[in-house]
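What follows is a set of notes on a single structure, which appears directly below.
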Amino acid sequence: MFDTPMCSLPLAPGLGYKPQHFADIMQDAGRTRWFEIHAENYMGQGGRPLAQLDALASRFPISVHGVGLSIGGEGPLDAEHLARMKTLCDRINPASFSEHLAWSSHGAEYLNDLLPLPYTNASLSRICDHIDQVQATLGRKMLLENPSSYLAFSESTWSEPDFLREVAKRAGCGLLLDVNNVFVSATNLEFSPQDYIAAFPLEEVGEIHLGGHDEDEDDHGKPLLIDSHGREIADPVWALLDITLAYSGPRPLLVEWDTDVPDWPVLAAEADRAAQALTRVLV
Amino acid sequence: MTTQTDFRAGLLNPDAPMPEGLTNAHGVPSPKRYGVYRNNVTVSLVDALQTGFPAIHSLLGDQNFRALATHYARANPPQSPLMMLYGADFAQFLAQTQALAHLPYLPDIAALEYGLRSSYHAANHDPQPFSALLSLAPEQIDDAKLALAPSAILMQSVWPIHDIYTFALDPTTPQPQAAAQDILILRKEFDPKPHLLPANAAKFIRALGAGKTLSQAIENAPDTDVGAILTLLFTEGAIARITV
Numbered sequence: 001m002f003d004t005p006m007c008s009l010p011l012a013p014g015l016g017y018k019p020q021h022f023a024d025i026m027q028d029a030g031r032t033r034w035f036e037i038h039a040e041n042y043m044g045q046g047g048r049p050l051a052q053l054d055a056l057a058s059r060f061p062i063s064v065h066g067v068g069l070s071i072g073g074e075g076p077l078d079a080e081h082l083a084r085m086k087t088l089c090d091r092i093n094p095a096s097f098s099e100h101l102a103w104s105s106h107g108a109e110y111l112n113d114l115l116p117l118p119y120t121n122a123s124l125s126r127i128c129d130h131i132d133q134v135q136a137t138l139g140r141k142m143l144l145e146n147p148s149s150y151l152a153f154s155e156s157t158w159s160e161p162d163f164l165r166e167v168a169k170r171a172g173c174g175l176l177l178d179v180n181n182v183f184v185s186a187t188n189l190e191f192s193p194q195d196y197i198a199a200f201p202l203e204e205v206g207e208i209h210l211g212g213h214d215e216d217e218d219d220h221g222k223p224l225l226i227d228s229h230g231r232e233i234a235d236p237v238w239a240l241l242d243i244t245l246a247y248s249g250p251r252p253l254l255v256e257w258d259t260d261v262p263d264w265p266v267l268a269a270e271a272d273r274a275a276q277a278l279t280r281v282l283v
Numbered sequence: 284m285t286t287q288t289d290f291r292a293g294l295l296n297p298d299a300p301m302p303e304g305l306t307n308a309h310g311v312p313s314p315k316r317y318g319v320y321r322n323n324v325t326v327s328l329v330d331a332l333q334t335g336f337p338a339i340h341s342l343l344g345d346q347n348f349r350a351l352a353t354h355y356a357r358a359n360p361p362q363s364p365l366m367m368l369y370g371a372d373f374a375q376f377l378a379q380t381q382a383l384a385h386l387p388y389l390p391d392i393a394a395l396e397y398g399l400r401s402s403y404h405a406a407n408h409d410p411q412p413f414s415a416l417l418s419l420a421p422e423q424i425d426d427a428k429l430a431l432a433p434s435a436i437l438m439q440s441v442w443p444i445h446d447i448y449t450f451a452l453d454p455t456t457p458q459p460q461a462a463a464q465d466i467l468i469l470r471k472e473f474d475p476k477p478h479l480l481p482a483n484a485a486k487f488i489r490a491l492g493a494g495k496t497l498s499q500a501i502e503n504a505p506d507t508d509v510g511a512i513l514t515l516l517f518t519e520g521a522i523a524r525i526t527v
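Chains A and B supply the protein sequences, listed in that same order. Residues in the first sequence are numbered consecutively from 1, following my numbering. Residues in the second sequence are numbered consecutively from 284, following my numbering.
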């Protein structure tokens with residue numbers, strides 16, 4: 001149906017691009033072979049963001065990661081925003097386009113967070129319709145990312161892996177597996193992250209994400225992990241990555257660090273660690 | 284059933300109860316878990332405002348700024364997924380906030396900061412050199428129309444906005460003295476800067492912006508040092524087109 005493959009990112013580490021690292025990256029990107037950008041930051045008319053993006057895209061494969069399409073929203077997609085996404089994708093022809101199993105807009109309002117939804121037949125059919133519209137507009141297959149969850153909906157009738165498997169099947173999209181999100185959700189909702197990975201349709205996964213989380217407690221003193229992307233990746237998440245890669249084989253592997261962003265060498269060290277994890281399944 | 288309308292209602296209203304149907308792993312309602320989303324939304328919006336309005340943040344102090352920004356964010360959530368547009372009416376909100384009536388210059392400083400951000404993301408242009416104007420015949424120069432760059436933004440104030448803005452971000456600069464100041468934000472390559480304009484220069488620049496010819500713009504602003512303004516405009520690469 002689409003003339004571009006789902007994902008042509010290299011089976012190598014990538015990093016979430018931060019403008020403050022531009023000079024470091026252009027000088028020596030180390031073992032990082034590709035970069036992800038948050039689409040909405042590159043939707044101005046001109047200036048430095050787009051100039052840097054063009055330079056980056058001329059040297060590295062780019063993954064365009066949307067945070068504002070609100071694919072899980074109850075209302076219709078924002079056609080104007082989708083058109084902007086197409087303009088951006090047409091500009092740099094990314095190796096991958098991905099979005100989230102979440103909603104962030106309500107009517108005209110944008111809430112600037114990835115908000116959760118119940119997994120029901122109704123939400124399933126709505127999400128598949130939205131993904132159809134996105135893929136048809138962009139003319140490319142997209143990846144849908146599993147969320148971090150802090151709570152459960154009593155009305156849900158699907159497990160998350162089954163829900164995502166069904167979405168991928170019906171909408172013909174790929175999936176983006178965020179291993180940190182699995183770990184965060186598993187801790188918060190008291191399920192086994194290994195069981196989640198075992199149940200996940202890994203054959204549909206075009207990209208894996210890793211990131212850091214913060215630790216808190218809920219009203220009952222139970223651990224409550226927050227997906228903050230503001231620190232190193234936790235050791236149990238690296239361990240879960242190894243288990244995932246053992247099942248799935250090598251995949252493009254992204255390290256995300258979005259708040260309290262450190263200097264380039266700290267990020268490059270995380271990418272090195274991701275490269276080592278990939279090496280273990282590549283040989 | 285928990286609709287997104289229910290879920291949204293409590294995100295921006297800390298006094299609203301948690302929507303029904305949201306639980307921990309054992310089916311027990313857990314307000315603190317819903318609170319994570321409430322906190323994420325508010326804090327991310329307040330952080331965005333702090334990044335976008337550093338001079339206002341400095342003038343008000345961290346605690347005052349964040350309290351005020353929280354109030355603004357809850358009443359005025361973004362209307363677009365483009366966070367670069369968020370805070371367009373922050374200046375207006377400051378103007379309407381009674382508790383800030385003793386700082387009447389704040390709205391103009393906020394407008395200046397939003398102007399810098401708009402300039403940063405504005406379309407690129409092809410800067411024209413001064414020589415392109417000077418190489419024209421004298422009568423052509425009179426009739427020439429100079430189009431300003433999309434990133435050029437003019438602001439006029441009854442307050443010393445240039446000096447207050449500079450002082451807010453660098454308290455070692457001279458204390459601002461009461462004076463009306465006009466500024467022109469120009470982006471030479473990627474970094475917009477506010478330039479303090481001489482008296483009446485704003486009239487001249489507004490006339491250019493309205494598509495008047497150079498001689499009409501000069502007539503419009505009789506007591507202006509036109510040479511100095513043209514030097515500023517061309518040196519900073521702010522002329523996108525010359526039409527004769």
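Note that the Cβ used here is the ideal one computed from N, Cα and C, for glycine as well.
Which bits of chain B does residue i rub up against, with CB to CB less than 8 angstroms?
| i | result |
| --- | --- |
| histidine 106 of chain A | Gln287, Thr288, Arg291 |
| aspartate 293 of chain A | Outside the displayed span of chain A (1 to 283) sits residue 293 of chain A, for which this structure offers no information. |
| histidine 213 of chain A | Within chain B, no residue comes near histidine 213 of chain A; the closest Cβ sits about 12 angstroms away, beyond 8 angstroms. |
| leucine 73 of chain A | In the sequence on display, residue 73 of chain A carries glycine and not leucine. Correct list: Gln287. |
| leucine 224 of chain A | Lys315, Arg316, Val319 |
Mind reading off the beta-carbon distance from residue i to residue j? Whole number of angstroms is fine, and I expect it under 8 angstroms.
| i | j | result |
| --- | --- | --- |
| glycine 30 of chain A | alanine 271 of chain A | 6 angstroms |
| alanine 511 of chain B | glutamine 499 of chain B | About 19 angstroms separates the two Cβ atoms, so there is no contact after all. |
| threonine 533 of chain B | alanine 356 of chain B | Examination of residue 533 of chain B is not possible in this model, given that chain B is present from 284 through 527 alone. |
| glutamate 207 of chain A | arginine 170 of chain A | That belief does not hold up - the Cβ atoms of glutamate 207 of chain A and arginine 170 of chain A are roughly 20 angstroms apart, past 8 angstroms. |
| alanine 23 of chain A | proline 61 of chain A | Going by Cβ atoms, the distance from alanine 23 of chain A to proline 61 of chain A rounds to 20 angstroms, so no, they are not a contact pair. |
| isoleucine 447 of chain B | isoleucine 392 of chain B | 6 angstroms |
| alanine 432 of chain B | glutamine 45 of chain A | Rounded, the Cβ-Cβ distance is 11 angstroms, inconsistent with contact. |
Just the chain B side, please: which residues come within less than 9 angstroms of residue i by C-beta, in chain order?
| i | result |
| --- | --- |
| methionine 43 of chain A | Pro364, Leu365, Met367, His404 |
| leucine 189 of chain A | Asn307, Ala308 |
| glycine 68 of chain A | Ser363, Pro364, Leu365, Met366 |
| histidine 81 of chain A | Ser363, Pro364, Leu365 |
Taking DSSP as the reference, what is the three-state secondary structure of residue i?
| i | result |
| --- | --- |
| glycine 211 of chain A | strand |
| valine 441 of chain B | coil |
| serine 8 of chain A | coil |
| aspartate 465 of chain B | strand |
| aspartate 3 of chain A | Residue placement at aspartate 3 of chain A is poorly supported in this model, since its pLDDT is 47, which falls under 50; the coordinates still yield a value, given next. It is coil, neither helix nor strand. |
| valine 504 of chain B | A quick correction: the sequence has alanine, not valine, at residue 504 of chain B. Three-state DSSP puts alanine 504 of chain B in coil, outside helix and strand. |
| isoleucine 71 of chain A | coil |
| histidine 340 of chain B | helix |
| isoleucine 233 of chain A | coil |
| tryptophan 264 of chain A | helix |
| methionine 284 of chain B | coil |
| leucine 225 of chain A | strand |
| arginine 470 of chain B | strand |
| leucine 253 of chain A | strand |
| phenylalanine 191 of chain A | coil |
| histidine 130 of chain A | helix |
Quick one: list the residues of chain E neighbouring residue i, beta-carbon separation under 8 angstroms, in chain order.
| i | result |
| --- | --- |
| phenylalanine 473 of chain B | Any reference to chain E falls outside this structure, whose protein chains are A and B. |
For residue i, which residues does DSSP report across the bridge?
| i | result |
| --- | --- |
| serine 96 of chain A | A:Ser63 |
| aspartate 216 of chain A | A:Leu224 |
| arginine 349 of chain B | Partner(s): none; arginine 349 of chain B has no beta bridge. |
| leucine 175 of chain A | A:Leu144, A:Val205 |
| lysine 428 of chain B | B:Thr526 |
| glutamate 36 of chain A | A:Gly16, A:Ser63 |
Anything in chain A within Cβ reach of residue i, meaning under 7 angstroms, just list it in chain order.
| i | result |
| --- | --- |
| glycine 304 of chain B | Phe153, Ser154, Glu155 |
| serine 327 of chain B | Asn112, Asp113 |
| methionine 284 of chain B | Glu155 |
| leucine 294 of chain B | Leu111 |
| asparagine 323 of chain B | Asp113 |
For a contact defined as C-beta to C-beta under 8 angstroms, what are the partners of residue i on chain A?
| i | result |
| --- | --- |
| arginine 470 of chain B | Gly47 |
| tyrosine 320 of chain B | Asp113, Leu115, Pro116, Tyr150 |
Consider the C-beta atom of residue i and the heavy atoms of the ligand GTP; say whether any pair is separated by less than 8 angstroms.
| i | result |
| --- | --- |
| asparagine 188 of chain A | In terms of ligand content, the structure shown is empty, and the ligand GTP therefore cannot be addressed. |
Since residue i meets chain A, which of its residues come closer than 9 angstroms, beta carbon to beta carbon?
| i | result |
| --- | --- |
| proline 433 of chain B | Gln45, Gly46 |
Taking C-beta pairs closer than 7 angstroms, name the residues in chain B that residue i reaches, listed in chain order.
| i | result |
| --- | --- |
| tryptophan 103 of chain A | Gln287 |
| methionine 40 of chain A | Note on residue identity: the sequence assigns glutamate, not methionine, to residue 40 of chain A. The answer, in chain order, is Pro364, Leu365, Met366. |
Subject >> Meets three-Cβ-pair contact criterion under 8 angstroms: the segment 53 to 67 of chain A and the segment 257 to 274 of chain A >> reply: no
Subject >> Validate contact between the segment 226 to 243 of chain A and the segment 293 to 309 of chain B using beta carbons, cut 8 angstroms, 3 pairs >> reply: no
Subject >> Three or more C-beta pairs below 8 angstroms linking the segment 139 to 154 of chain A and the segment 301 to 320 of chain B >> reply: yes
Original post:
Do the segment 247 to 264 of chain A and the segment 342 to 349 of chain B touch if we need at least three Cβ pairs shorter than 8 angstroms?
Top reply: no
**OP:** Mind the definition here: the segment 192 to 200 of chain A touches the segment 164 to 183 of chain A only if three or more C-beta pairs lie below 8 angstroms; say whether that holds.
**Re:** yes
Subject >> Three CB pairs or more closer than 8 angstroms across the segment 61 to 72 of chain A and the segment 103 to 122 of chain A >> reply: yes
**OP:** Decide if the segment 435 to 446 of chain B is in contact with the segment 328 to 341 of chain B; the criterion is three or more beta carbon pairs, one per stretch, under 8 angstroms apart.
**Re:** no
Original post:
For the segment 417 to 428 of chain B against the segment 463 to 475 of chain B, are there 3 or more C-beta pairs whose distance is under 8 angstroms?
Top reply: no
Subject >> Stretch-stretch touch, CB-based, cutoff 8 angstroms, three pairs: the segment 391 to 402 of chain B with the segment 32 to 39 of chain A >> reply: no
Subject >> Meets three-Cβ-pair contact criterion under 8 angstroms: the segment 72 to 80 of chain A and the segment 126 to 143 of chain A >> reply: yes
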